[in-house]
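One structure below.
2 protein chains.
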Amino acid sequence: MAKKATQNKLTSHNGKVSIHDVAREAGVALSTVSNALSGKDYVRETTRLKVREAAEKLGYRVSVVARSLRMKRTFTLGVLLADVANPSSPDFLRGIEDIADQEQCGLLVCNTDGQLEKQLTQMRVLLDRRVDGLVLLSQHCQQPAVRALLEDGTPFVMLQRRSLQHEDTYVGANNDEGIGAAIKHLAGLGHKRIGLIRGPRDSSTADERYDAYIEGLKAHRLEINPQWVIQGDYHVKGGYDAGKRFFALDRRPTAILAANDMSAIGVMNAAHEAGLKIPADFSLIGLDDIEMASFSPINLTTIALQRREMGAAATSLLMKMIRQKSTPKPKKKIFPMKLIVRGSTGPAKAD
Amino acid sequence: MAKKATQNKLTSHNGKVSIHDVAREAGVALSTVSNALSGKDYVRETTRLKVREAAEKLGYRVSVVARSLRMKRTFTLGVLLADVANPSSPDFLRGIEDIADQEQCGLLVCNTDGQLEKQLTQMRVLLDRRVDGLVLLSQHCQQPAVRALLEDGTPFVMLQRRSLQHEDTYVGANNDEGIGAAIKHLAGLGHKRIGLIRGPRDSSTADERYDAYIEGLKAHRLEINPQWVIQGDYHVKGGYDAGKRFFALDRRPTAILAANDMSAIGVMNAAHEAGLKIPADFSLIGLDDIEMASFSPINLTTIALQRREMGAAATSLLMKMIRQKSTPKPKKKIFPMKLIVRGSTGPAKAD
DNA sequence: TTGTAGGCGTTATCAG
DNA sequence: CTGATAACGCCTACAA
């Protein structure tokens, strides 16, 4: 019995107070402290109280890292996104946080800048930290290297982006519906030439929206013209460039559907520079409904996305997967999109 | 010697492969694996290679949680901010991330929504996870309860907010300079009545800016009028309300200095609603220079803050504190502010 | 240069 | 109901 060195350890706490100290203070066994504090129902109330008092007095705080090691659960979720600075990211993040908070989980947030290499690095950072699950809000979700990392067994959800080649749990939005409503709105205003600024390549969402655009044009028997589809990048600059290219066309669209609000803002910048008025000279529709879209100098008609709700839904799904260790069949949840008509759309100019 | 149960453990890895497995695969001792992988220079190169190969083959990834427990270092930083969704937050976050990444640290990000209660909860979440350090980008930094948590010994930096009652390591901006330049600019344009939308209470930065505003007016011998100082909250809504109150004044300012760009946007919304033109009817200056400020429909004259640089500087300071365990004297780093003249300022209207 | 033997702070499993 | 004791996976003296 005298072999353990535990005894002399009892006195020396180098800064942090541990469960040992609480046990000693409360005059109970170490395991009792753990049981009492973690709310085991078989602990006598008086004991629990005694323990709690001791803990309080000593300023004891559990070490989540020790607990994580033991429980093989870190109570931490990893979030991978292209760019926090994109105005739509924080809303998703908030939704994720809503659930994480209520599940006592922390959030490890990483940016990938849309670069595969960075994404891999960040995924490793997350996995090495043994996060309980991953929320992927980033591109490259069908790259082999990414998939390899995903095979690791850590539960994950795709949010807003997905891999068409894999059956993953996914939360997205009904792009058909959103784009459809936008085109219907424009058609109703008499627009016959509708342009599209595409989202980045390697984005499933951008693909879906493109398809929905084509479908929408067909549905309203509008002209489909490859010149009216310009590649964007979800950023202002891309929208600006696309806008300039549109304006340079001889037969140019009377309405532009932008990949997202930031692209639409880019178009606004370009229009301003070119002396074109919106919606007098052409109509413009964004997508996302970021806060800024509603500011009166911008006043952008756009297709709203329920980002916070989507983030929360994805995280709920993730938590479910984490809880029931076994991976049942992947779930999908598609949120509605809603057209918000503001001041950037108006009747088509008579030709 | 036959008492240890280590041996039968060697075969059973329930999912994750551990350093044990690598040791066995490589035919070396467990500690050698650790040494080899963590780059100890006394490991023979051939051994290191052998180990690396084995690790690769088995798909071994270090468990940062186990390492954290052992090393008493989690390689994780906690970031506390009022709101990720505020457009200026992500830029700070990026700066923080720049350094964290290069230091192999992860970032645990929490929102407080400016609520003391939430801030305390989040701080506990962070501290329980034994983050190596804290970046505080949130209010309430002089509340006793917050200070108590800070006493815990975890290194921390104040970014953009600080406690005037405590000597903390702090990274901020030169508010005098920024506000001074703005007022000089307005005075130069002939403005004699300059209003201010104040930042939230309990914010040191808002206080500093208010002081700078008063100093600026004095320096240019301009009228100081309490009616021209309206409380805002750094949000659009607060700016909108303030704007309306300004417009309702009988003798109203010909120029408004907003607490931040979001407040300024709020004023723009209010002006639009009231049929007032900027800068024809009054001039407006924001503060932050968020990306949006440069978009042509907004085109806001503003005072730029080097957010990303500030975030990075704060984090560098923090890392330094973490490394040299001892807490030397707190450092301060003040960044310049720069007036960016755009289209929201113009000559004062003749009275 | 490599191997051995703790122990970091918890929780879980069993005996009492 | 409470109390020993063994892991969890890793790092680090110290010994060989």
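Top to bottom, those sequences are chains A and B.
When we follow my numbering, the leftmost residue of the first sequence carries the number 1, and every step to the right adds one.
When we follow my numbering, the leftmost residue of the second sequence carries the number 1001, and every step to the right adds one.
The C-beta atom is built at its ideal place from N, Cα and C for all residues, glycine as well.
Bear in mind the structure is a predicted one, so any value in this text is a computation, not a measurement.
Neighbour-count burial assignment, residue i, 16 or more Cβ in a 10 Å radius
i, result
"Tyr-1060(B)", "buried"
"Arg-1070(B)", "exposed"
"Asp-1250(B)", "exposed"
"Gly-1078(B)", "buried"
"Ala-288(A)", "Just to set this straight, residue 288(A) is Asp in the shown sequence, not Ala. Burial call: buried."
"Pro-253(A)", "buried"
"Glu-1167(B)", "exposed"
"Ala-23(A)", "buried"
"Gly-1188(B)", "exposed"
"Ala-1026(B)", "buried"
"Leu-127(A)", "buried"
"Ser-203(A)", "buried"
"Gln-380(A)", "Because chain A in this structure spans residues 1 to 351, residue 380(A) falls outside the shown range and cannot be described."
"Pro-144(A)", "exposed"
"Asp-1241(B)", "buried"
"Ser-31(A)", "exposed"
"Tyr-170(A)", "buried"
"Thr-1301(B)", "buried"
"Gly-258(A)", "Correcting the residue identity first, residue 258(A) is Ala in this sequence and not Gly. When all chains shown are included, Ala-258(A) counts as buried."
Counterpart residues of residue i in DSSP-defined beta bridges
i, result
"Gly-1231(B)", "Note on identity: in this sequence residue 1231(B) is Gln, with Gly being the wrong assignment. Arg-1198(B), per the DSSP bridge assignment."
"Asp-1288(B)", "Ala-1304(B)"
"Gly-78(A)", "Leu-108(A), Leu-134(A)"
"Val-1171(B)", "Leu-1159(B), Lys-1333(B)"
"Leu-257(A)", "Leu-196(A), Ile-285(A)"
Given residue i as reference, the closest of the options once Cα atoms are compared
i, options, result
"Asn-111(A)", "Leu-1127(B), Asp-1091(B), Arg-1124(B), Lys-1218(B)", "Asp-1091(B)"
"Leu-1186(B)", "Tyr-1213(B), Val-1065(B), Leu-1137(B)", "Tyr-1213(B)"
"Ile-183(A)", "Gly-199(A), Gln-160(A), Ala-255(A)", "Ala-255(A)"
"Phe-1075(B)", "Lys-16(A), Val-125(A), Arg-307(A), Ile-290(A)", "Val-125(A)"
"Lys-192(A)", "Pro-347(A), Glu-25(A), Ala-29(A)", "Pro-347(A)"
"Leu-116(A)", "Gly-153(A), Leu-80(A), Ile-194(A)", "Leu-80(A)"
"Val-62(A)", "Lys-16(A), Gly-106(A), Glu-25(A)", "Lys-16(A)"
"Phe-1156(B)", "Gly-1286(B), His-1020(B), Leu-1318(B), Arg-1094(B)", "Leu-1318(B)"
"Leu-1108(B)", "Tyr-42(A), Leu-93(A), Asp-113(A), Ala-82(A)", "Leu-93(A)"
"Arg-1130(B)", "Leu-1137(B), Ala-1304(B), Arg-1073(B), Val-1171(B)", "Arg-1073(B)"
"Ile-1303(B)", "Leu-1134(B), Ile-1099(B), Asn-1260(B)", "Asn-1260(B)"
"Gly-1311(B)", "Lys-1325(B), Ala-1248(B), Ile-1334(B), Ser-1263(B)", "Ile-1334(B)"
"Leu-276(A)", "Ser-1296(B), Ile-1230(B), Arg-1323(B)", "Ser-1296(B)"
"Val-146(A)", "Gln-119(A), Ile-265(A), Gly-172(A)", "Gln-119(A)"
"Gly-1190(B)", "His-1020(B), Arg-1221(B), Asn-1174(B)", "Arg-1221(B)"
"Leu-205(A)", "Asn-225(A), Ile-224(A), Ala-219(A), Asn-174(A)", "The sequence given here has Thr at residue 205(A), not Leu. When only C-alpha atoms are compared, the closest one is Asn-174(A)."
Three-state secondary structure assigned by DSSP to residue i
i, result
"Leu-222(A)", "coil"
"Lys-1057(B)", "helix"
"Ala-1271(B)", "helix"
"Ile-96(A)", "helix"
"Ile-214(A)", "helix"
"Lys-338(A)", "strand"
"Glu-151(A)", "coil"
"Ala-1280(B)", "coil"
"Leu-1010(B)", "Annotation note: pLDDT 32 at Leu-1010(B) (below 50); position unreliable, coordinate value reported separately. Reduced to three states, the DSSP call for Leu-1010(B) is coil."
"Asn-35(A)", "helix"
"Gly-1346(B)", "coil"
"Glu-103(A)", "coil"
"His-185(A)", "helix"
"Ala-5(A)", "Confidence in Ala-5(A) is poor, its pLDDT being 34 and thus under 50, which makes the residue's placement unreliable; the coordinate value appears in the next sentence. In the structure shown, Ala-5(A) sits in coil (DSSP, three-state: anything other than H, G, I, E or B)."
"Ser-1088(B)", "coil"
"Ile-322(A)", "helix"
"Ser-1203(B)", "coil"
"Gln-1165(B)", "coil"
"Ile-1019(B)", "helix"
"Phe-295(A)", "coil"
"Lys-1040(B)", "coil"
"Val-146(A)", "helix"
Contact residues within the segment 1289 to 1319 of chain B, judged by C-beta distance below 7 Å to chain A: Met-1292, Phe-1295, Ser-1296, Pro-1297, Ile-1298
Note down, in chain order, all residues in the segment 1083 to 1107 of chain B with a beta-carbon under 7 Å from any beta-carbon belonging to chain A. Val-1084, Ala-1085, Pro-1087, Pro-1090, Asp-1091, Leu-1093, Arg-1094, Glu-1097, Gly-1106, Leu-1107
Taking any Cβ of chain A, which residues in the segment 1254 to 1285 of chain B have a Cβ under 8 Å from it, in chain order? Ile-1265, Met-1268, Asn-1269, His-1272, Glu-1273
Please name the residues in the segment 55 to 79 of chain A whose beta-carbon is closer than 7 Å to at least one beta-carbon of chain B, in chain order. Arg-61, Val-62, Ser-63, Val-64, Val-65, Ala-66, Ser-68, Leu-69, Thr-74
Listed in chain order, which residues of the segment 1126 to 1153 of chain B have Cβ atoms closer than 7 Å to some Cβ of chain A? Leu-1127, Asp-1128, Arg-1129, Arg-1130, Gly-1153
Would you list, in chain order, the members of the segment 1106 to 1120 of chain B that have their beta-carbon closer than 8 Å to a beta-carbon of chain A? Gly-1106, Leu-1107, Leu-1108, Val-1109, Cys-1110, Asn-1111
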